[in-house]
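Chemist: Shown below is the structure under consideration.
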DNA sequence: TACATAATTGAAAGCGCTTTGGATGCCATT
DNA sequence: AATGGCATCCAAAGCGCTTTCAATTATGTA
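Protein chains in written order, with UniProt numbering: chain A, 1 to 344; chain B, 1 to 344.
See below:
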């Protein structure tokens, strides 16, 4: 069933039927009713490809999904998508996801943009000096970046959380509790959020004249296993850190296991603060020792970005170009006063 | 830059340029070279919407993503997507993802199909007597189902793992170890895999004249927290189970915490086998007590389904209509002989 | 040399929709 | 009765591509 058939069935022109469906005013209400009724009966749906070809818009936002045979999938991607979806479903928008090798992301993004398949772009996994930014700017298609790109002029539309502030505050809390030996379990080193979180820690420490040694820093994929490995390394250091900052609750999981296996007690021998993206599969408050976290919902961020993107496409602005969300520092039992040093 | 402009630039007709690009034989190799060169220089990309309109195909596979404000996102979705993507990227296919309220899935799937936006459909989260099946059959669009629908005639294209066999084998292993009191931590009750896994357990038990009591069964979202709660309930039963079967390693995480908190030892007081979807964020072998699992890679399944789907669209069959993958039963330290009952 | 044949290329139709630029009929005004 | 305005409706062009059918040129054969 297409427009032509439907209009013939109704004895109307395609023009009128099209207008009736798209809410144009110059059509008799009685006619509109008749059209709507026929649509219901026949199950007619406009062909999106044709719509897009005719209008240049088709209610879709595009994103590239990094993937490759060896490439680890990422929980955060799915969570983000859920947020985007939550908003998209309200506006009858859909997503076009282009899988691409991580090395090919710039090109993939460009292909997606000029494919004519999408109205706007969502970009994540930002890096320092991200090469996608100049490309996006040259594109004349709306986009919003999740995160920022360290080192680039912040003149692009983004939504980010205050990673530096979050880890600065978390570090200060631990300092106030008397800790002096810190370690940071971070995400992959080239990612923007990792850079900023590290800076947050370093600057809070610097205020007390402390530094973060190279061997007290780990950069790895944010998985349970990597958390375990990193923590095991930290615990074997001659000067064992007592305060750990961790970029993910998933990673914290493994880290805590390492702590337990070493016979140490979380919140007493070792204090730990992790960043919580509010993943539904993992609730920090129900850990055996409830976890102190810096919290910001990834999903909420996704929903907000979708809102901005869709709003822009539908000209329903204006939206702020830049948004920086504060995180919440939620104190639970995994943080406690620094243990009295045996040597002291 | 569009075809018309490109062809004018080259002094050729659109026809010839189009043919040159799509590998038709009736075009002079020299001309083809010239066209390809121009494409490289201008960065021309065909408009997918137009291509789709003209050919009816556009290299995309569609899926609906269940989502709603309260709806929990699911790790498995992302993992699956990674698998699909891994294969799709090789064939320059992309995905069209339609977010939809879980109550609206049938309609959403239909909309997606007749939107003209996709060449094939992927369907997951199958339930018993799934209402999407009859709809799909009436659709004349290729599709592959991940999982099966309990109670429906198995005459549709699917790829599933042998859930019943997996849990049957796991249960038998525990029986051989002398366990007699079993509990099952399952996924949501209406989902097909949950039904089959339960059946697997029940039939293995039945062979020994044992039954699975109602209070030794939990159906819940497969999250860490639900695992904790379910296990806590089990441990408070008057006849405490010693053998636990669990539908997910994520859930096992919480379950194990409950075991530890109760002062019990995994692999001694309590044996546990979990199903492992091979999520990159969680490696059962690196648990403090390495986990005995039934294993089957979700990602591999995704890749295989993409392969079938894309193959069908490109007429590169034939592919088997039905595939049932065996799972591996991998014995690690979380299973051990049944403890000697104090009462015995 | 003339003619069939193969190799290349192009003009134009069509995919299903939106939208511009009229038509048409009806009513109130003059 | 003639005019203008309004409410409705429609024919046709156009979005950017593929593909059918036809035209043109080059090649080989008798």
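For each residue, glycine too, the CB sits at the ideal point set by N, CA and C.
Within 10 Å of its beta-carbon, does residue 74 of chain B have 16 or more other beta-carbons around it, so buried, or fewer, so exposed?
Modeler: Label assigned to residue 74 of chain B: buried.
Chemist: Give the DSSP bridge partners of residue 159 of chain B, in chain order.
Modeler: The partner list for residue 159 of chain B (beta bridge, DSSP) reads B:146 and B:323.
Chemist: For residue 184 of chain B, which of B:226, B:153, B:155 and B:298 has the nearest alpha-carbon?
Modeler: The shortest Cα separation from residue 184 of chain B among B:226, B:153, B:155 and B:298 belongs to B:226.
Chemist: Tell me whether residue 260 of chain B sits in a helix, a strand or coil according to DSSP, three-state version.
Modeler: It is helical.
Chemist: Given a limit of 9 angstroms on CB to CB distance, which residues of the segment 261 to 280 of chain B reach chain A?
Modeler: Of all residues in the segment 261 to 280 of chain B, 261, 279 and 280 have a Cβ within less than 9 angstroms of some Cβ in chain A.
Chemist: Under 7 angstroms, do residue 64 of chain A and residue 136 of chain A count as touching if we go by C-beta distance?
Modeler: No, the pair does not count as a contact, with Cβ atoms beyond the cut-off.
Chemist: Return the first residue and the last residue of the beta strand (DSSP E) that residue 42 of chain A is part of.
Modeler: Looking at the DSSP string, residue 42 of chain A is not in any beta strand (DSSP E); the run it does join, the alpha helix (DSSP H), is 29 to 42.
Chemist: Starting from the C-beta of residue 200 of chain A, find all residues in its chain whose C-beta is less than 6 angstroms away, skip the five residues before and the five after it, and write them out in chain order.
Modeler: Excluding residues within five positions, the ones whose Cβ falls inside 6 angstroms are 164, 167 and 168.
Chemist: Which residues mark the beginning and the end of the beta strand (DSSP E) in which residue 95 of chain A is found?
Modeler: From DSSP, the beta strand (DSSP E) with residue 95 of chain A extends over 94 to 100.
Chemist: Measure the C-alpha to C-alpha separation of residue 344 of chain B and residue 262 of chain B and round it to an integer number of angstroms.
Modeler: Here the model assigns residue 344 of chain B a pLDDT of 39, short of 50, so the residue's position is not dependable and the matter cannot be decided.
Chemist: With distances taken from CA atoms, which of A:206, A:208, A:210 and A:234 is nearest residue 219 of chain A?
Modeler: Per the Cα distances, A:234.
Chemist: Quick one: what's got a C-beta closer than 8 angstroms to residue 346 of chain A's C-beta in the same chain, skipping five residues either side?
Modeler: With chain A represented from 1 up to 344, any question about residue 346 of chain A goes unanswered, as that position is not in the structure.
Chemist: Who are the near neighbours of residue 249 of chain A in its chain, counting only those whose CB is closer than 8 angstroms to its CB and skipping five residues on each side?
Modeler: Once the five neighbours on either side are set aside, the close Cβ partners of residue 249 of chain A are 274, 275, 276, 277, 279, 282, 284, 291 and 293.
Chemist: List, from N- to C-terminal side, the alpha helix (DSSP H) runs of 4 residues or more that fit wholly inside the segment 171 to 217 of chain A.
Modeler: Entirely contained in the segment 171 to 217 of chain A, the alpha helix (DSSP H) runs reaching 4 residues are, in chain order, 192 to 207.
Chemist: Who does residue 63 of chain B pair with in a DSSP beta bridge?
Modeler: DSSP, once it has assigned bridges, lists B:97 and B:122 as partnering residue 63 of chain B.
Chemist: Does any C-beta atom of chain A lie closer than 7 angstroms to the C-beta of residue 343 of chain B?
Modeler: At residue 343 of chain B, the pLDDT of 45 sits below 50, so the modelled position is not reliable and the matter cannot be decided from this model.
Chemist: So what does DSSP say about residue 71 of chain B, is it helix, strand or coil?
Modeler: Coil, per DSSP.
Chemist: How about residue 232 of chain B and residue 252 of chain B: do their beta carbons lie closer than 7 angstroms?
Modeler: Cβ atoms of residue 232 of chain B and residue 252 of chain B: not closer than 7 angstroms.
Chemist: Between residue 238 of chain B and residue 264 of chain B, what straight-line distance do the alpha-carbon atoms span, to the nearest angstrom?
Modeler: Going by the C-alpha atoms only, they are around 16 angstroms apart.
Chemist: Once you ignore the five residues that flank residue 301 of chain B on each side, which residues in its own chain have a CB closer than 8 angstroms to its CB?
Modeler: Closer than 8 angstroms at the Cβ level, and outside the excluded window around residue 301 of chain B, lie 80, 83, 146, 159, 161 and 325.
Chemist: For a test of the three-state rule: what should DSSP assign to residue 294 of chain A, helix, strand or coil?
Modeler: Residue 294 of chain A: strand per DSSP, three-state reduction.
Chemist: Given a limit of 7 angstroms on CB to CB distance, which residues of the segment 96 to 128 of chain B reach chain A?
Modeler: Going along the segment 96 to 128 of chain B in chain order, one finds 96, 97, 98, 99, 100, 101, 111, 114, 115, 116 and 117 with a Cβ nearer than 7 angstroms to chain A.
Chemist: Compare the C-beta of residue 249 of chain A against all C-beta atoms of chain B and say whether one is closer than 7 angstroms.
Modeler: Cβ-Cβ to chain B under 7 angstroms: no for residue 249 of chain A.
Chemist: Between the segment 223 to 249 of chain B and chain A, which residues of the former have CB atoms less than 7 angstroms from a CB of the latter, in chain order?
Modeler: Here the close residues are 223, 224, 225 and 228.
Chemist: Just the chain B side, please: which residues come within less than 8 angstroms of residue 69 of chain A by C-beta, in chain order?
Modeler: Under the 8 angstroms cutoff, chain B gives 86.
Chemist: Which value, in whole angstroms, describes the spacing of the CA atoms of residue 51 of chain A and residue 58 of chain A?
Modeler: Computed Cα separation, rounded: 7 angstroms.
Chemist: Where residue 155 of chain A and residue 102 of chain A are concerned, what is the direct C-alpha to C-alpha distance, given to the nearest angstrom?
Modeler: Going by the C-alpha atoms only, they are around 25 angstroms apart.
Chemist: Measure from the alpha carbon of residue 68 of chain A to the alpha carbon of each residue in A:187, A:178, A:88 and A:104, then state which is nearest.
Modeler: The residue with the shortest Cα to Cα distance from residue 68 of chain A is A:104.
Chemist: According to DSSP, simplified to helix, strand and coil, what is residue 224 of chain A?
Modeler: Here residue 224 of chain A sits in helix by DSSP.
Chemist: Mark residue 331 of chain B as exposed unless 16 or more other C-beta atoms lie within 10 angstroms of its C-beta, in which case mark it buried.
Modeler: Exposed, because fewer than 16 other Cβ atoms sit within 10 Å of the Cβ of residue 331 of chain B.
Chemist: With a cut-off of 7 angstroms, does the C-beta of residue 304 of chain B fall near any C-beta of chain A?
Modeler: Answer no: the Cβ-Cβ gap between residue 304 of chain B and chain A never drops below 7 angstroms.
Chemist: Just tell me which of A:241, A:298 and A:340 has its CA closest to the CA of residue 215 of chain A.
Modeler: The residue with the shortest Cα to Cα distance from residue 215 of chain A is A:241.
Chemist: Give the interface partners of residue 53 of chain A over in chain B, defined as CB-CB distance under 8 angstroms, in chain order.
Modeler: In chain order: 47, 49, 50 and 53.
Chemist: Tell me, please, whether the CB atom of residue 295 of chain A is closer than 7 angstroms to any CB atom in chain B?
Modeler: Closer than 7 angstroms: no.
Chemist: Output the boundary residues of the alpha helix (DSSP H) element that contains residue 114 of chain A.
Modeler: Taken as a continuous stretch (DSSP letters only), the alpha helix (DSSP H) holding residue 114 of chain A covers 105 to 114.
Chemist: With a Cβ-Cβ cutoff of 7 angstroms, do residue 87 of chain B and residue 307 of chain B count as a contact?
Modeler: Yes, the Cβ-Cβ distance between residue 87 of chain B and residue 307 of chain B is below 7 angstroms.
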